[in-house]
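Novice: Structure incoming, see below.
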Amino acid sequence: MPHRHLLKQMPLAQWINAADLAQRTCLDQRTLDHHVHALIKDGVAIGCCKRRGYCLLEAVDFIDQGELIDMLKASPLLRPERLEVLDEVDSTNTRLLGWPELSGFHGRACVTEFQTAGRGRHGKRWHGARYRNVMLSLAWQWSGSFDLVTGLSLSIGLAVARVLSQWTGPGLQLKWPNDIMFSGGKLAGILIDVSPTGDGPLRVVVGLGVNVCNSPHLEQVVDQRVINLQDIAIRSMSRTQLTGELILAMALALDRFEKLGFAPDQVAWNQCDRFRGRTVLASIDGEVFEGEGYGVDSEGRYRIIDTSGNEQAVSAGEVKLSANPNQRFR
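Numbering (this note's numbering), first residue to last: 15 to 344.
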(Lines of atoms letter the chains of each structure in order from A and count residues from 1; the text may use other names and numbers.)
(Lines give C-alpha, C1' and ligand atoms only; values in the text may rest on other atoms or scores of the structure.)
Protein backbone atom coordinates (compact mmCIF):
# COMPACT_ATOMS: atom_id res chain seq x y z
CA MET A 1 0.00 0.00 0.00
CA PRO A 2 1.45 3.41 -0.93
CA HIS A 3 2.29 5.47 2.13
CA ARG A 4 0.95 8.52 0.32
CA HIS A 5 -2.59 7.10 0.40
CA LEU A 6 -2.37 6.39 4.12
CA LEU A 7 -1.18 9.91 4.91
CA LYS A 8 -3.94 11.46 2.84
CA GLN A 9 -6.48 9.64 5.00
CA MET A 10 -4.93 10.98 8.21
CA PRO A 11 -6.25 14.39 9.35
CA LEU A 12 -3.80 17.17 10.15
CA ALA A 13 -3.56 18.17 13.83
CA GLN A 14 -6.57 16.02 14.71
CA TRP A 15 -6.65 12.60 16.28
CA ILE A 16 -8.29 9.70 14.49
CA ASN A 17 -8.79 6.38 16.23
CA ALA A 18 -7.13 3.29 14.82
CA ALA A 19 -10.38 1.58 13.86
CA ASP A 20 -11.58 4.53 11.76
CA LEU A 21 -8.23 4.94 10.02
CA ALA A 22 -8.05 1.21 9.34
CA GLN A 23 -11.48 1.39 7.72
CA ARG A 24 -10.48 4.38 5.58
CA THR A 25 -7.34 2.65 4.36
CA CYS A 26 -8.79 -0.87 4.08
CA LEU A 27 -6.09 -2.24 6.39
CA ASP A 28 -6.32 -4.31 9.53
CA GLN A 29 -5.14 -2.46 12.62
CA ARG A 30 -1.95 -4.48 13.02
CA THR A 31 -0.85 -3.76 9.44
CA LEU A 32 -1.86 -0.13 9.83
CA ASP A 33 0.28 0.24 12.95
CA HIS A 34 3.23 -1.32 11.12
CA HIS A 35 2.94 1.19 8.25
CA VAL A 36 2.56 4.16 10.61
CA HIS A 37 5.67 3.27 12.60
CA ALA A 38 7.61 2.76 9.37
CA LEU A 39 6.64 6.29 8.33
CA ILE A 40 7.72 7.67 11.70
CA LYS A 41 11.07 5.91 11.35
CA ASP A 42 11.48 7.52 7.91
CA GLY A 43 10.97 11.02 9.33
CA VAL A 44 7.23 11.68 8.97
CA ALA A 45 5.82 13.57 11.97
CA ILE A 46 2.97 11.40 13.27
CA GLY A 47 1.64 11.24 16.81
CA CYS A 48 0.66 7.83 18.22
CA CYS A 49 -1.45 7.21 21.31
CA LYS A 50 -2.98 3.88 22.29
CA ARG A 51 -6.11 5.60 23.57
CA ARG A 52 -6.54 8.35 20.95
CA GLY A 53 -5.08 6.76 17.81
CA TYR A 54 -2.98 8.69 15.31
CA CYS A 55 -2.42 12.34 14.42
CA LEU A 56 -0.52 13.94 11.54
CA LEU A 57 1.55 16.58 13.34
CA GLU A 58 2.85 18.46 10.27
CA ALA A 59 1.39 19.01 6.82
CA VAL A 60 2.98 16.83 4.13
CA ASP A 61 4.01 18.61 0.93
CA PHE A 62 3.61 15.86 -1.66
CA ILE A 63 5.30 16.22 -5.04
CA ASP A 64 2.55 16.63 -7.66
CA GLN A 65 3.27 14.70 -10.85
CA GLY A 66 0.64 16.53 -12.90
CA GLU A 67 2.02 19.94 -11.95
CA LEU A 68 5.55 18.75 -12.72
CA ILE A 69 4.53 17.55 -16.17
CA ASP A 70 3.03 20.96 -16.93
CA MET A 71 6.29 22.64 -15.90
CA LEU A 72 8.46 20.35 -18.03
CA LYS A 73 6.35 20.99 -21.13
CA ALA A 74 8.06 24.39 -21.32
CA SER A 75 11.36 22.74 -22.31
CA PRO A 76 11.97 21.35 -25.82
CA LEU A 77 14.82 19.30 -24.32
CA LEU A 78 12.61 17.14 -22.12
CA ARG A 79 9.95 14.51 -22.68
CA PRO A 80 7.31 15.08 -19.97
CA GLU A 81 5.70 11.71 -20.72
CA ARG A 82 8.97 10.15 -19.53
CA LEU A 83 8.62 11.62 -16.05
CA GLU A 84 7.76 9.34 -13.16
CA VAL A 85 7.16 10.31 -9.54
CA LEU A 86 7.55 7.33 -7.22
CA ASP A 87 6.56 7.02 -3.59
CA GLU A 88 9.64 4.87 -2.97
CA VAL A 89 12.56 3.40 -4.93
CA ASP A 90 15.92 1.89 -4.07
CA SER A 91 17.85 4.55 -6.02
CA THR A 92 16.72 6.90 -8.78
CA ASN A 93 20.12 6.60 -10.50
CA THR A 94 20.00 2.81 -10.36
CA ARG A 95 16.49 2.77 -11.78
CA LEU A 96 17.42 4.89 -14.80
CA LEU A 97 20.71 3.08 -15.42
CA GLY A 98 18.75 -0.15 -15.69
CA TRP A 99 16.14 1.23 -18.05
CA PRO A 100 15.67 -1.54 -20.63
CA GLU A 101 14.82 0.50 -23.73
CA LEU A 102 17.52 2.77 -25.14
CA SER A 103 14.92 4.53 -27.30
CA GLY A 104 13.03 5.68 -24.20
CA PHE A 105 16.07 6.65 -22.13
CA HIS A 106 16.99 10.18 -23.20
CA GLY A 107 15.29 12.94 -21.21
CA ARG A 108 13.71 10.50 -18.76
CA ALA A 109 13.34 11.85 -15.22
CA CYS A 110 12.78 9.83 -12.07
CA VAL A 111 11.63 11.66 -8.94
CA THR A 112 11.03 9.90 -5.65
CA GLU A 113 9.73 10.74 -2.20
CA PHE A 114 12.13 8.27 -0.57
CA GLN A 115 15.17 6.16 -1.43
CA THR A 116 15.82 2.92 0.42
CA ALA A 117 19.36 2.63 -0.99
CA GLY A 118 20.25 6.13 -2.15
CA ARG A 119 23.83 6.44 -3.37
CA GLY A 120 26.44 9.14 -3.03
CA ARG A 121 29.98 9.50 -4.33
CA HIS A 122 32.50 6.70 -3.64
CA GLY A 123 29.72 4.30 -2.66
CA LYS A 124 28.51 6.39 0.28
CA ARG A 125 24.83 6.29 1.24
CA TRP A 126 22.51 9.23 0.62
CA HIS A 127 20.14 9.69 3.56
CA GLY A 128 16.97 11.75 3.49
CA ALA A 129 13.63 11.71 5.29
CA ARG A 130 10.47 10.71 3.45
CA TYR A 131 8.37 13.52 1.85
CA ARG A 132 10.87 16.15 3.06
CA ASN A 133 13.50 16.51 0.34
CA VAL A 134 14.14 16.53 -3.38
CA MET A 135 15.57 13.29 -4.77
CA LEU A 136 15.71 12.88 -8.54
CA SER A 137 17.71 11.66 -11.51
CA LEU A 138 17.78 12.76 -15.14
CA ALA A 139 18.86 10.51 -18.01
CA TRP A 140 20.80 11.81 -20.99
CA GLN A 141 22.20 10.16 -24.09
CA TRP A 142 25.50 11.29 -25.65
CA SER A 143 27.17 10.29 -28.86
CA GLY A 144 30.60 11.44 -27.62
CA SER A 145 33.33 9.59 -25.73
CA PHE A 146 33.59 8.88 -22.01
CA ASP A 147 36.23 11.61 -21.64
CA LEU A 148 33.65 14.27 -22.52
CA VAL A 149 31.95 13.75 -19.16
CA THR A 150 34.88 15.29 -17.25
CA GLY A 151 33.67 18.40 -15.45
CA LEU A 152 29.96 17.58 -15.87
CA SER A 153 29.25 17.44 -12.13
CA LEU A 154 30.69 20.96 -11.82
CA SER A 155 28.46 22.40 -14.53
CA ILE A 156 25.44 20.66 -13.01
CA GLY A 157 26.40 21.95 -9.56
CA LEU A 158 26.60 25.50 -10.87
CA ALA A 159 23.17 25.18 -12.52
CA VAL A 160 21.66 23.75 -9.33
CA ALA A 161 23.22 26.51 -7.20
CA ARG A 162 21.70 29.16 -9.45
CA VAL A 163 18.24 27.64 -8.94
CA LEU A 164 18.67 27.28 -5.19
CA SER A 165 19.91 30.87 -4.88
CA GLN A 166 16.40 32.02 -5.81
CA TRP A 167 15.39 30.74 -2.36
CA THR A 168 18.61 31.27 -0.38
CA GLY A 169 19.92 34.56 -1.72
CA PRO A 170 23.75 34.97 -1.84
CA GLY A 171 26.08 32.72 0.13
CA LEU A 172 26.00 29.38 -1.70
CA GLN A 173 29.36 27.70 -2.24
CA LEU A 174 30.46 24.84 -4.50
CA LYS A 175 32.60 22.07 -3.02
CA TRP A 176 34.61 20.21 -5.62
CA PRO A 177 33.43 18.10 -7.28
CA ASN A 178 29.79 17.51 -6.40
CA ASP A 179 28.37 19.36 -3.36
CA ILE A 180 26.47 22.61 -2.85
CA MET A 181 27.17 24.19 0.54
CA PHE A 182 25.74 27.00 2.63
CA SER A 183 27.30 28.35 5.83
CA GLY A 184 29.52 25.28 6.10
CA GLY A 185 26.67 22.77 5.80
CA LYS A 186 25.79 20.48 2.91
CA LEU A 187 22.65 21.62 1.13
CA ALA A 188 22.75 19.39 -1.95
CA GLY A 189 24.80 16.67 -3.61
CA ILE A 190 25.24 15.37 -7.15
CA LEU A 191 26.06 11.88 -8.42
CA ILE A 192 27.03 11.21 -12.05
CA ASP A 193 26.81 7.68 -13.46
CA VAL A 194 27.96 6.85 -16.98
CA SER A 195 27.25 3.59 -18.77
CA PRO A 196 28.50 2.72 -22.28
CA THR A 197 26.19 0.85 -24.67
CA GLY A 198 28.67 -1.07 -26.79
CA ASP A 199 29.29 0.89 -29.98
CA GLY A 200 26.26 3.08 -29.27
CA PRO A 201 25.88 6.35 -27.34
CA LEU A 202 26.79 6.85 -23.71
CA ARG A 203 24.09 6.64 -21.09
CA VAL A 204 24.57 9.47 -18.60
CA VAL A 205 22.49 9.66 -15.42
CA VAL A 206 22.66 12.75 -13.22
CA GLY A 207 21.38 12.25 -9.68
CA LEU A 208 20.55 15.12 -7.34
CA GLY A 209 19.57 15.25 -3.69
CA VAL A 210 18.56 18.49 -1.96
CA ASN A 211 18.07 18.73 1.80
CA VAL A 212 14.80 20.61 2.12
CA CYS A 213 13.42 19.76 5.54
CA ASN A 214 15.25 16.89 7.23
CA SER A 215 14.83 16.03 10.89
CA PRO A 216 17.61 17.07 13.34
CA HIS A 217 18.81 13.48 13.91
CA LEU A 218 20.03 13.20 10.29
CA GLU A 219 23.46 14.65 11.12
CA GLN A 220 24.06 11.75 13.53
CA VAL A 221 23.35 9.31 10.68
CA VAL A 222 25.45 10.97 7.94
CA ASP A 223 28.31 12.11 10.21
CA GLN A 224 28.54 15.56 8.66
CA ARG A 225 26.84 18.90 8.98
CA VAL A 226 23.79 19.28 6.78
CA ILE A 227 21.62 22.32 6.22
CA ASN A 228 17.96 22.45 5.22
CA LEU A 229 16.71 24.76 2.51
CA GLN A 230 13.60 25.48 4.55
CA ASP A 231 15.73 26.88 7.39
CA ILE A 232 17.54 29.42 5.20
CA ALA A 233 14.89 30.21 2.57
CA ILE A 234 14.06 33.87 2.05
CA ARG A 235 10.70 33.04 0.44
CA SER A 236 8.19 30.21 0.53
CA MET A 237 8.39 27.25 -1.81
CA SER A 238 6.71 24.00 -2.74
CA ARG A 239 8.79 20.92 -3.36
CA THR A 240 6.99 20.45 -6.67
CA GLN A 241 8.02 23.89 -7.91
CA LEU A 242 11.59 23.39 -6.70
CA THR A 243 11.82 19.97 -8.36
CA GLY A 244 10.54 21.31 -11.68
CA GLU A 245 12.95 24.25 -11.68
CA LEU A 246 15.86 21.93 -10.95
CA ILE A 247 15.01 19.46 -13.73
CA LEU A 248 14.66 22.29 -16.26
CA ALA A 249 18.02 23.78 -15.21
CA MET A 250 19.75 20.40 -15.31
CA ALA A 251 18.46 19.72 -18.82
CA LEU A 252 19.77 23.07 -20.05
CA ALA A 253 23.14 22.42 -18.39
CA LEU A 254 23.41 18.96 -19.96
CA ASP A 255 22.57 20.27 -23.41
CA ARG A 256 25.07 23.14 -23.09
CA PHE A 257 27.78 20.91 -21.67
CA GLU A 258 27.42 18.42 -24.52
CA LYS A 259 28.06 21.22 -27.01
CA LEU A 260 30.64 23.35 -25.17
CA GLY A 261 32.09 21.32 -22.30
CA PHE A 262 32.95 22.82 -18.91
CA ALA A 263 35.17 25.72 -20.03
CA PRO A 264 32.36 28.35 -20.29
CA ASP A 265 31.46 27.65 -16.63
CA GLN A 266 34.99 27.86 -15.22
CA VAL A 267 34.95 31.50 -14.12
CA ALA A 268 31.47 31.33 -12.56
CA TRP A 269 32.31 28.09 -10.76
CA ASN A 270 35.53 29.52 -9.30
CA GLN A 271 33.61 32.51 -7.97
CA CYS A 272 31.65 30.06 -5.79
CA ASP A 273 34.60 27.81 -4.87
CA ARG A 274 34.53 26.83 -1.20
CA PHE A 275 38.23 25.91 -1.15
CA ARG A 276 39.83 28.78 -3.04
CA GLY A 277 42.58 30.47 -1.01
CA ARG A 278 42.19 28.01 1.86
CA THR A 279 44.36 25.12 3.00
CA VAL A 280 43.08 21.77 1.81
CA LEU A 281 43.99 18.10 2.01
CA ALA A 282 43.82 16.11 -1.21
CA SER A 283 43.64 12.33 -1.32
CA ILE A 284 44.58 10.60 -4.58
CA ASP A 285 44.99 6.83 -4.82
CA GLY A 286 45.62 6.61 -1.09
CA GLU A 287 48.24 9.38 -1.04
CA VAL A 288 47.45 12.58 0.88
CA PHE A 289 49.07 15.97 0.33
CA GLU A 290 48.37 19.46 1.64
CA GLY A 291 48.18 22.73 -0.23
CA GLU A 292 46.20 25.85 -1.02
CA GLY A 293 43.01 25.65 -3.07
CA TYR A 294 43.36 27.47 -6.38
CA GLY A 295 40.08 26.80 -8.19
CA VAL A 296 39.40 24.59 -11.21
CA ASP A 297 40.96 24.65 -14.66
CA SER A 298 39.02 24.69 -17.95
CA GLU A 299 38.56 20.91 -17.80
CA GLY A 300 37.17 20.88 -14.26
CA ARG A 301 40.29 19.56 -12.52
CA TYR A 302 40.90 21.06 -9.09
CA ARG A 303 44.17 23.00 -8.78
CA ILE A 304 46.18 23.00 -5.57
CA ILE A 305 49.39 24.88 -4.78
CA ASP A 306 51.39 22.35 -2.75
CA THR A 307 53.86 23.02 0.07
CA SER A 308 56.68 23.41 -2.48
CA GLY A 309 54.76 26.08 -4.39
CA ASN A 310 54.00 23.78 -7.32
CA GLU A 311 50.58 23.54 -8.90
CA GLN A 312 48.89 20.12 -8.78
CA ALA A 313 45.72 19.28 -10.74
CA VAL A 314 43.31 16.79 -9.16
CA SER A 315 40.89 15.04 -11.52
CA ALA A 316 39.71 12.32 -9.13
CA GLY A 317 39.91 11.59 -5.43
CA GLU A 318 38.91 13.66 -2.43
CA VAL A 319 39.58 17.29 -1.47
CA LYS A 320 38.63 18.72 1.91
CA LEU A 321 39.52 21.60 4.20
CA SER A 322 42.48 20.96 6.49
CA ALA A 323 42.47 21.49 10.25
CA ASN A 324 44.21 24.85 9.64
CA PRO A 325 42.33 26.19 6.58
CA ASN A 326 43.87 29.69 6.66
CA GLN A 327 47.50 28.59 6.27
CA ARG A 328 49.11 29.95 3.07
CA PHE A 329 51.74 28.37 0.79
CA ARG A 330 52.55 31.30 -1.53
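Where is the CB? At the ideal position from N, CA and C, for every residue including glycine.
1) Below 9 Å between beta carbons: does that hold for Leu-111 and Arg-217?
2) In the DSSP assignment, the beta strand (DSSP E) including Phe-303 goes from what residue to what residue?
3) Where do the N-terminal and C-terminal ends of the beta strand (DSSP E) with Val-99 fall, by residue?
4) Count the other CB atoms, across all protein chains shown, that sit within 10 Å of the CB of Gln-129; report buried if there are 16 or more and exposed otherwise.
5) Straight-line CA distance for Arg-133 to Ala-52?
6) For Asp-56, report the span of its alpha helix (DSSP H) as first-last.
7) Is Val-333 helix, strand or coil by DSSP?
8) Can you give me the C-alpha to C-alpha distance between Cys-227 and Val-103, rounded to a whole angstrom?
9) Which value, in whole angstroms, describes the spacing of the CA atoms of Ser-167 and Ala-296?
10) Which runs of the beta strand (DSSP E) fall wholly inside the stretch 145-173 and span at least 3 residues, in chain order?
11) Could you check which residue in Val-174, Met-195, Gln-28 and Asp-34 has the C-alpha nearest to that of Arg-288?
12) State the CB to CB distance for the pair Asp-78 and Thr-321, rounded to an integer number of angstroms; the pair is presumed to be in contact (CB under 8 Å).
13) Who are the near neighbours of Ala-59 in its chain, counting only those whose CB is closer than 6 Å to its CB and skipping five residues on each side?
14) For Asn-284 and Gln-23, what's the separation of their Cα atoms in angstroms?
15) Could you tell me whether the stretch 117-126 touches the stretch 143-160, using the rule of 3 or more Cβ pairs below 8 Å?
16) Between the alpha carbons of Ala-282 and Leu-260, how many angstroms are there, rounded?
17) With distances taken Cα to Cα, identify the nearest neighbour of Gly-142 among Ser-312, Asn-225 and Val-208.
18) Given a cut-off of 9 Å, decide if Leu-201 and Leu-243 are closer than it, judged by their beta-carbon atoms.
19) In angstroms, rounded to a whole number, what distance separates the CA positions of Arg-292 and Val-333?
20) Rounded to the nearest angstrom, what separates Trp-190 and Val-74 at their Cα positions?
21) Taking the beta carbon of Asn-324 as the centre, do at least 16 other beta carbons fall within 10 Å, making it buried, or is it exposed?
22) Which value, in whole angstroms, describes the spacing of the CA atoms of Val-294 and Ile-318?
23) Excluding five sequence neighbours on each side, which residues of the same chain lie with their C-beta closer than 8 Å to the C-beta of Asp-42?
24) What three-state label does DSSP hand Glu-346 in the structure shown?
25) Suppose you measure from the CA of Leu-26 to the CA of Val-99; what does that come to, to the nearest Å?
Specialist: Reading it off the structure:
1) yes
2) 301-310
3) 97-100
4) buried
5) 21 Å
6) Per DSSP, Asp-56 belongs to no alpha helix (DSSP H) and is neither H nor E.
7) strand
8) 19 Å
9) 18 Å
10) 148-156
11) Met-195
12) Going by Cβ atoms, the distance from Asp-78 to Thr-321 rounds to 53 Å, so no, they are not a contact pair.
13) Leu-71 and Glu-72
14) 49 Å
15) yes
16) 18 Å
17) Asn-225
18) yes
19) 12 Å
20) 33 Å
21) exposed
22) 8 Å
23) Ala-36
24) Any answer about residue 346 is impossible in this case: the structure gives the chain only from 15 up to 344.
25) 24 Å
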